[in-house]
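A short write-up of the structure that comes next.
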Amino acid sequence: MSERSSNAGMVLELQGDGPAVAERGLTIEGEVSDDGLKLFLTCHRDLTRDTPPLSYDELKGLLVEHVPAEFIHDSVLQEIVDLVNRDGVAPKRRVAKGTPAVPGRDGKLLLLVKPYRRRSGEREQVDARYVRYFDNIETGSPVARLYAPTNGQPGIDVLGEEMKAASGKPAEVKFDDSLQLVTAASRGYDTLVATVSGYLDTEGPSLRVHNELVLTEDIDFRIGDIDFIGAVRLRGSLMKGFRIKARGNIVIEGNVVGGKLVSTEGSIEVKGTVTGDGGAAARIDESSTLRFSQLRAGAEEDQIAAARSVALHVVEGVTVSAGETIRVQREAHHARFRTRGVLDMTGAKFISGAAYAVCGIQADAIGSPAEEETVALHLCSDVESSAEYLDLTEAINRHLHAEATIRVVLGPFADDPAAVRRLEPEYRRKMVDLHAKLTKVSDSRQRLEEERTTLLATAKYNSVMCVNFNKKIFRGVRIIAGEQHYLVEDTATGPGCIEFVPAEQGFVTGPTKALVCDLAGTPKVER
Amino acid sequence: MTHGPHFGLLDNRFLARSVGLLDPGAPLTIREDDSLGRALTVLRDNKVGCVVVTAANGELKGIFTERDVLLKLDFKQLDETRPIREFMTAHPRTVEMTAPIAFVLQLMSEGGFRHVPIIDEERLPVGIVSVKDIIDYIVSSVTKDLHSFE
């Protein structure tokens, strides 16, 4: 509050220096308002006395002895003079006004981002209904501005005395080391900058950036997809059709029921069961070589994809890819794994599916007790475990299929295009077009194969390319390294290892081997 | 292991981000009873396309931009002593710092303007965002993602 004028409520008798006012029966009384800013004048004149009237100049002269001239309302003075000379009385009128003090502005905190407004008692979790209403914040981003309070401007009361203005109060703000205050006097405010990435949390005057998003509800149609710049911990389950994408680690304490998990820089752990849509269904083609009918390339098609490691418990009908080790603790059905590290299923059963691993595979039991061909294990290079390589392989396979189909339609003309000249014109034209298409598809396939060869030329292999089985490996399991296949013909009891030996381009059995990633550039697997 | 480009622009949350993340600078301001000449001087000396016009208490009253210069001034008989309130765009559309970028773009597109003042809850101007600011932000985000793509 600004300071109150010391003249507030004052009453002035305006007499002037001499006796002239009183002798003429004039009474001029001024009253200062309670706020000290206004002066009200009341005038009386005894009309029975034959004395000179009150003039404007005289009245103003009396006023300026007390009041700064620029505050006086001249038109009102003239009205007062006219009234008192005519009627003998001029009722109370405001004749002057001072300048009020302008109080300073309080300091303020201006948020630049949408925060999560934490309710008291909420601890560290977030109400998932509001998860898309706050901003993802990068490290180094400004999140708020802190404006300092201003001093205010003093006023002048109606009698010309200064009225001090109240200064503003600083804003109350608390923050921890997830935020840093950066001062820049030239900008007129200080800036709070995030030192970690995540979301901004406010509780009263306290601000904090949380790097981990903790959610307790299931992620389903009520919540929608989660996309977060930090780490995510879900205490519920992820339902089918929904996705959690995070830059940091993802931990799911419940189950993943057909949903999708992507960690672009971290690891993923699911403590419950992971079930998918059977993305790794297998069928056996005519040559009894295991092919995967829904072998999709690209991490976009992977149900679980992490830049680093993945840890799962029970897996069914799921595709998983990881830059580092994939661990499965109990069992895997109809699952496809791709890893640049080790597929570690120590203590678990790999019943059906496929795996591409650079640094080896180990499990307690591999294959089906029915001794059918349900598992294919690829000991591959870093290139072959990548999405790009599988993209290329898929594309080449499609081209091969297309070529075969066109050849069937072309029949003998596929290899003897000149023979079409004996055909009817319309039929000849169709055969010519089809042959041109065959050539185009074939050329495209060759380019893709060259691209794949170039890619494979940079491939790195692990020094140990091995499948360890701690308890059993069932008949029907197929192990593949390049074009070399090893089919387990008799169920074997472990512990044991089936190892690919590049120098011999063949497989040997023996005791288990430690699986360590070294990518030591061993001799290439021949193709 | 690559997982495809993680381009922020293709992230469906990108345009939902608050305009405050662009860290818009404090606007240049003049009073509504300042002269046209002063406004023109401020635009020229600071090499900006826009100045915010306020009341004596700092509250936003209008905006004066290079478009106003082109469309409202008669250069053949220009009286630079006239108050800027006669030439400004009064009561412009405004947003708060937490307005989504998508909303600001929509505002600019529908309204046909290139600058939007940002106000706080007291209607005091605390920033100004231009279409160029948003374009620069988009380009820098895409460029950053391209460099991080392996």
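Protein sequence lines correspond, in order, to chains A and B. Following numbering that gives the first Met the number 0, the numbering of the first sequence begins with 0 at its first residue and continues without gaps. Following numbering that gives the first Met the number 0, the numbering of the second sequence begins with 0 at its first residue and continues without gaps. Backbone N, C-alpha and C define an ideal beta-carbon position, used for all residues, glycine too. Here the structure is a predicted model, which means the values were calculated and not measured.
Would you identify the three-state DSSP class for VAL66 (chain A), choosing helix, strand or coil?
Locating residue 66 (chain A) in the first sequence gives position 67, counting from the first residue. Three-state result, VAL66 (chain A): coil.
Beta strand (DSSP E) containing MET107 (chain B): first to last residue?
Along the second sequence, read from residue 1 onward, the residue named residue 107 (chain B) stands at position 108. That residue, MET107 (chain B), is in no beta strand (DSSP E); its alpha helix (DSSP H) goes 100–110.
Which same chain residues end up closer than 6 Å to ARG234 (chain A) when comparing Cβ atoms and leaving out the 5 residues on each side of it in sequence?
Residue mapping note: residue 234 (chain A) aligns to position 235 of the first sequence, counting from 1. Once the five neighbours on either side are set aside, the close Cβ partners of ARG234 (chain A) are THR215 and GLU252.
For GLY258 (chain A), which option in A:VAL319, A:LEU109, A:ILE228 and A:LEU212 has the closest C-alpha, if you only look at C-alpha atoms?
As a working mapping, residue 258 (chain A) is identified with position 259 in the first sequence. Out of A:VAL319, A:LEU109, A:ILE228 and A:LEU212, A:VAL319 has the C-alpha closest to the C-alpha of GLY258 (chain A).
Span separating the alpha-carbon of ASN135 (chain A) from that of ARG207 (chain A):
The residue given as residue 135 (chain A) occupies position 136 in the first sequence. The residue given as residue 207 (chain A) occupies position 208 in the first sequence. In a straight line, the C-alpha of ASN135 (chain A) is about 13 Å away from that of ARG207 (chain A).
For SER129 (chain B), the three-state DSSP class (helix, strand or coil)
Counting from 1 along the second sequence, the entry for residue 129 (chain B) is found at position 130. SER129 (chain B) falls in the strand class under three-state DSSP.
In the DSSP output, which residue or residues are listed as bridge partners for GLY29 (chain A)?
If you number the first sequence from 1, residue 29 (chain A) lands on position 30. Bridge partners of GLY29 (chain A): A:LEU11 and A:LEU40.
Just to check my reading of the structure: ASP558 (chain A) and LYS244 (chain A) have Cβ atoms closer than 8 Å, yes? What is that Cβ distance to the nearest angstrom?
Nothing in the structure corresponds to residue 558 (chain A), since chain A is present only between 0 and 526.
Can you tell me which of the three DSSP states ALA279 (chain A) falls into?
Taking the first sequence and counting its residues from 1, the one referred to as residue 279 (chain A) is at position 280. With a pLDDT of 43 at ALA279 (chain A), under the threshold of 50, the modelled position of this residue cannot be trusted; read the value that follows with caution. The answer is coil: DSSP assigns ALA279 (chain A) none of H, G, I, E or B.
Applying the 10 Å Cβ sphere with the 16-neighbour rule, what's the burial state of PHE174 (chain A)?
Residue mapping note: residue 174 (chain A) aligns to position 175 of the first sequence, counting from 1. Per the 10 Å Cβ criterion, buried.
Starting from the beta carbon of THR140 (chain A), find every residue of chain B whose beta carbon is closer than 7 Å, and list them in chain order.
Stepping through the first sequence from its first residue, residue 140 (chain A) is reached at position 141. The sequence given here has Ser at residue 140 (chain A), not Thr. Ordered by position in chain B, the residues that pass the 7 Å Cβ test against SER140 (chain A) are LEU20.
Output yes if chain A places a C-beta closer than 8 Å to the C-beta of ALA25 (chain B); else output no.
Looking up residue 25 (chain B) in the second sequence gives position 26. Interface residue, yes.
Quick one: Cα of GLU31 (chain B) to Cα of LYS168 (chain A), how far?
As a working mapping, residue 31 (chain B) is identified with position 32 in the second sequence. As a working mapping, residue 168 (chain A) is identified with position 169 in the first sequence. Using only the alpha carbons, I get a separation of about 28 Å.
Chain B within 8 Å of LEU206 (chain A), Cβ atoms only
Within the first sequence, the letter at position 207 stands for residue 206 (chain A). LEU206 (chain A) does not count as touching chain B.
Smallest Cα separation from THR47 (chain A): which of A:HIS72, A:GLY87, A:PHE70 and A:GLU78?
Translated into positions along the first sequence, residue 47 (chain A) becomes position 48. Nearest of A:HIS72, A:GLY87, A:PHE70 and A:GLU78 to THR47 (chain A), Cα basis: A:GLY87.
Which runs of the alpha helix (DSSP H) spanning at least 4 residues fall entirely within the segment 414–473 of chain A, listed in chain order?
424–456
Using 10 angstroms around the beta-carbon of ASN45 (chain B), count the other beta-carbons present and answer buried if the total reaches 16, otherwise exposed.
Taking the first residue of the second sequence as 1, we reach residue 45 (chain B) at position 46. The residue is exposed, with fewer than 16 neighbouring Cβ atoms inside 10 Å.
Nearest neighbour of GLU373 (chain A), chosen from A:GLU387, A:ALA334 and A:ALA394 [CA to CA]:
The count along the first sequence starts at 1 and reaches residue 373 (chain A) at position 374. The sequence given here has Thr at residue 373 (chain A), not Glu. It is A:ALA334.
Give a yes or no on whether the C-beta atoms belonging to VAL51 (chain B) and PRO26 (chain B) are separated by under 8 Å.
Within the second sequence, the letter at position 52 stands for residue 51 (chain B). Within the second sequence, the letter at position 27 stands for residue 26 (chain B). Yes; because the gap between Cβ atoms is below 8 Å, this pair is in contact.
For PHE86 (chain B), the three-state DSSP class (helix, strand or coil):
For the purposes of this step, residue 86 (chain B) is taken as the residue at position 87 of the second sequence. Coil, per DSSP.
Is the beta carbon of ILE100 (chain B) closer than 8 Å to that of LEU14 (chain B)?
Along the second sequence, read from residue 1 onward, the residue named residue 14 (chain B) stands at position 15. Along the second sequence, read from residue 1 onward, the residue named residue 100 (chain B) stands at position 101. Yes, these two residues count as a Cβ contact at 8 Å.
Between which residues of its own chain and GLY265 (chain A) is the CB-CB distance below 8 Å, once the five residues before and five after are set aside?
Working through the first sequence from its first residue, we reach residue 265 (chain A) at position 266. Cβ within range, chain order: ALA230, ALA245, ARG246, GLY247, ASN248, ILE249, ALA305, ALA306 and ARG307.
Test item: CB-CB of SER166 (chain A) and GLY151 (chain A) under 8 Å:
Looking up residue 166 (chain A) in the first sequence gives position 167. Looking up residue 151 (chain A) in the first sequence gives position 152. Cβ atoms of SER166 (chain A) and GLY151 (chain A): closer than 8 Å.
Below 8 Å, can you find three or more Cβ-Cβ pairs linking the segment 377–387 of chain A to the segment 453–470 of chain A?
yes
Output, in sequence order along the chain, the residues in the segment 111–143 of chain B whose CB is closer than 8 Å to any CB in chain A.
ASP119 and VAL125
Here's the rule I'm using: 16 or more other beta-carbon atoms within 10 Å means buried, otherwise exposed. How should VAL407 (chain A) be labelled?
Locating residue 407 (chain A) in the first sequence gives position 408, where the first residue counts as 1. It counts as exposed.
How many Å lie between LEU72 (chain B) and ILE134 (chain B) at the Cα?
Residue 72 (chain B) sits at position 73 when you count from the first residue of the second sequence. Residue 134 (chain B) sits at position 135 when you count from the first residue of the second sequence. Distance between the alpha carbons of LEU72 (chain B) and ILE134 (chain B) is about 29 Å.
Against chain B, with Cβ distances strictly below 8 Å, would GLY187 (chain A) count as a contact?
Here residue 187 (chain A) refers to the residue found at position 188 when the first sequence is read from its first residue. Chain B contact via Cβ: present.
Can you name the residues of chain B whose CB is closer than 7 Å to the CB of LEU109 (chain A)?
Along the first sequence, read from residue 1 onward, the residue named residue 109 (chain A) stands at position 110. Under the 7 Å cutoff, chain B gives MET96, ASP119 and VAL125.
Is ASP134 (chain A) close to chain B? Criterion is C-beta to C-beta, closer than 8 Å.
Along the first sequence, read from residue 1 onward, the residue named residue 134 (chain A) stands at position 135. Yes, ASP134 (chain A) lies at the interface with chain B (some Cβ there is under 8 Å from its Cβ).
Which chain B residues sit within Cβ distance under 9 Å of VAL112 (chain A)?
As a working mapping, residue 112 (chain A) is identified with position 113 in the first sequence. Those within 9 Å of VAL112 (chain A) in chain B are ARG16, SER17, GLY19, LEU20, MET96 and THR97.
How about VAL476 (chain A) and VAL463 (chain A): are their beta carbons less than 8 Å apart?
Here residue 476 (chain A) is taken as the residue at index 477 of the first sequence, counted from 1. Here residue 463 (chain A) is taken as the residue at index 464 of the first sequence, counted from 1. Not a contact, by the Cβ cut-off of 8 Å.
Quick one: grab the DSSP three-state call for THR68 (chain B).
Against the second sequence, residue 68 (chain B) aligns to sequence position 69. First, the residue type needs correcting, since residue 68 (chain B) is Val and not Thr in the sequence shown. Of the three classes helix, strand and coil, the one that applies to VAL68 (chain B) here is helix, per DSSP.
Enumerate in chain order the residues of its own chain whose CB-to-CB distance from LEU376 (chain A) is below 6 Å, with the five nearest sequence positions on each side excluded.
The sequence position of residue 376 (chain A) within the first sequence is 377, counting from 1. Hits under 6 Å: ALA354, ILE360, VAL466 and ILE478.
Kindly indicate which three-state DSSP category SER4 (chain A) falls into: helix, strand or coil?
In the first sequence, counting from the first residue as 1, residue 4 (chain A) sits at position 5. In this structure, SER4 (chain A) counts as coil in the three-state DSSP scheme.
Could you pull the start and end residues of the alpha helix (DSSP H) that ALA54 (chain B) belongs to?
Stepping through the second sequence from its first residue, residue 54 (chain B) is reached at position 55. ALA54 (chain B) -> no alpha helix (DSSP H), and no H or E assigned at all.
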